[in-house]
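See structure below.
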Amino acid sequence: MKDILKKLRKYEIRIRKAINSQMQGDFHSIFKGSGLEFDDVRSYQYGDDVRSIDWNVSAKGHGTFVKTFKEEKEQNVFFILDVSASQKIGKAGNQKLDISKEICALLSISAIKENSQVGLICFSDQKEKYVKPGKGLKHSFNIISNIFNLEPESKQTNLAKAIQFTLNLLKRKSVVVLISDFVDENYEHNLKSLARAHDLVVVQVSDKRETTFPNLGIVPLHDQESGKTVWKNTSSGSFRKLLDQTYGERQKELERFCLRNQANYTNVRTDEDYVPKLIRLFKVRNKMRKSG
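For the sequence shown, full-length UniProt numbering begins at 1 and goes up steadily by one.
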């Protein structure tokens, strides 16, 4: 645990330095939604945005009134972490699951430092671990400990179920960070509902073996989730096409989905430094807040 914390701290310093130098301290932007909550109403003044007019109050006949807002002092951040067996692809110690856990821990530490309420669900095809939202240094250690000490009971995946759990759980608009390889089906409807109800950030973790599998002829392949071994001709055109449909096309479709539904998206590969990808994500969210 000491080594993990040391590594995460190093990454956090790298991110914080890059953000501070390039965006004048807007590091917190990834953990902010609209950042505004309703405060009061006041009389309409020339130049006010007509979209902020409170028509219910104005209809009472005492003049035209606009809504005023104040910045939320506290932001809810909720992490959904995929710990299913399909995440166990890649080099030992650097599998998709290892990278997913690191990113989740790193962002949760950073969110807690920004005084956010942070919660977590680790899922497979069932709830493996739930940490209710909390604040403070002790809570960050609790989250990290649960992430890295967890031994999942199930190997299967059910993204739709995990998303539905989150939708039922969160009563106020939150920043929701979903970290998964998205090797699953029939979750898009629930994901769309999540994007509409909350400020969604999607982090897809992948491994190059999923799209650039070597031509080895007929070899045994082990399915992590089912536990079965099947023989496949890795040199055949149909196998190559299946790989591209399963991983390559799925990644493009998920990215398009996020764009359509105003969710932030980034893809991280196990063989690359993920810090620049996270910095880019911060920049995009910061730009969206300013333009919004």
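Where a beta carbon is used, it is the ideal one built from N, C-alpha and C, also for glycine.
Taking C-alpha atoms, which residue in the options lies nearest to residue i?
{"i": "lysine 277", "options": "Ile99, Ile4 and Thr68", "result": "Ile99"}
{"i": "cysteine 104", "options": "Arg285, Val202 and Thr229", "result": "Val202"}
{"i": "arginine 285", "options": "Ala263, Arg269 and Val275", "result": "Ala263"}
{"i": "isoleucine 112", "options": "Phe79, Asn94, Ala85 and Lys7", "result": "Phe79"}
{"i": "glutamine 75", "options": "Val57, Arg172 and Ile15", "result": "Arg172"}
{"i": "lysine 155", "options": "Glu185, Leu259, Ser180 and Gln87", "result": "Gln87"}
{"i": "asparagine 149", "options": "Gly47, Thr270 and Val83", "result": "Val83"}
{"i": "leucine 97", "options": "Glu185, Ser180 and Asp271", "result": "Ser180"}
{"i": "alanine 197", "options": "Leu169, Lys208 and Asn186", "result": "Leu169"}
{"i": "alanine 195", "options": "Tyr265, His62, Gln117 and Ser108", "result": "Tyr265"}
{"i": "lysine 192", "options": "Ser110, Phe182, Ile163 and Lys283", "result": "Ile163"}
{"i": "valine 176", "options": "Phe182, Lys161 and Asp199", "result": "Asp199"}
Which class does residue i belong to by DSSP, given the choice of helix, strand or coil?
{"i": "arginine 16", "result": "helix"}
{"i": "aspartate 26", "result": "In this prediction, aspartate 26 scores a pLDDT of 46, lower than 50, which makes its location untrustworthy; the coordinate-derived value is nonetheless stated afterwards. DSSP places aspartate 26 in helix when its eight states are reduced to three."}
{"i": "residue 300", "result": "Examination of residue 300 is not possible in this model, given that the chain is present from 1 through 292 alone."}
{"i": "lysine 129", "result": "strand"}
{"i": "asparagine 264", "result": "strand"}
{"i": "isoleucine 99", "result": "helix"}
{"i": "isoleucine 89", "result": "coil"}
{"i": "tyrosine 11", "result": "helix"}
{"i": "lysine 277", "result": "helix"}
{"i": "residue 323", "result": "Nothing in the structure corresponds to residue 323, since the chain is present only between 1 and 292."}
{"i": "arginine 285", "result": "helix"}
{"i": "glycine 33", "result": "A caution first: glycine 33 carries a pLDDT of 49, below 50, which makes its placement in the model unreliable, though a value can still be read off. It is coil, neither helix nor strand."}
{"i": "leucine 48", "result": "Note on residue identity: the sequence assigns aspartate, not leucine, to residue 48. Of the three classes helix, strand and coil, the one that applies to aspartate 48 here is coil, per DSSP."}
{"i": "leucine 254", "result": "helix"}
{"i": "asparagine 190", "result": "helix"}
{"i": "glutamate 105", "result": "It is worth fixing the name first, because residue 105 is alanine in this sequence and not glutamate. Alanine 105 falls in the helix class under three-state DSSP."}
{"i": "alanine 111", "result": "helix"}
{"i": "residue 316", "result": "Residue 316 cannot be examined here, being either before or after the span of the chain that is shown, 1 to 292."}
Quick check on residue i: buried or exposed, where buried means 16 or more other Cβ atoms within 10 Å of its Cβ?
{"i": "lysine 101", "result": "buried"}
{"i": "glycine 119", "result": "buried"}
{"i": "alanine 59", "result": "exposed"}
{"i": "glutamine 45", "result": "exposed"}
{"i": "threonine 166", "result": "buried"}
{"i": "glycine 90", "result": "buried"}
{"i": "leucine 254", "result": "buried"}
{"i": "valine 50", "result": "exposed"}
{"i": "isoleucine 144", "result": "buried"}
{"i": "arginine 250", "result": "buried"}
{"i": "asparagine 158", "result": "buried"}
{"i": "glutamate 210", "result": "buried"}
{"i": "leucine 137", "result": "exposed"}
{"i": "aspartate 125", "result": "buried"}
{"i": "serine 108", "result": "buried"}
{"i": "serine 43", "result": "exposed"}
{"i": "glutamate 128", "result": "buried"}
{"i": "glycine 25", "result": "Reliability fails at glycine 25, whose pLDDT of 44 lies under 50, so the model's placement of it is uncertain and no value is given."}
{"i": "threonine 68", "result": "exposed"}
{"i": "alanine 85", "result": "buried"}
Bridge partners of residue i, per DSSP?
{"i": "serine 180", "result": "Gln204"}
{"i": "cysteine 122", "result": "Leu81 and Lys129"}
{"i": "glycine 134", "result": "Val118"}
{"i": "valine 175", "result": "Val77 and Asp199"}
{"i": "arginine 42", "result": "Val66"}
{"i": "arginine 269", "result": "Ser206"}
{"i": "isoleucine 53", "result": "Val66"}
Can a CB atom of chain B be found closer than 9 angstroms to the CB of residue i?
{"i": "serine 58", "result": "You won't find chain B in this structure, because it holds only one protein chain."}
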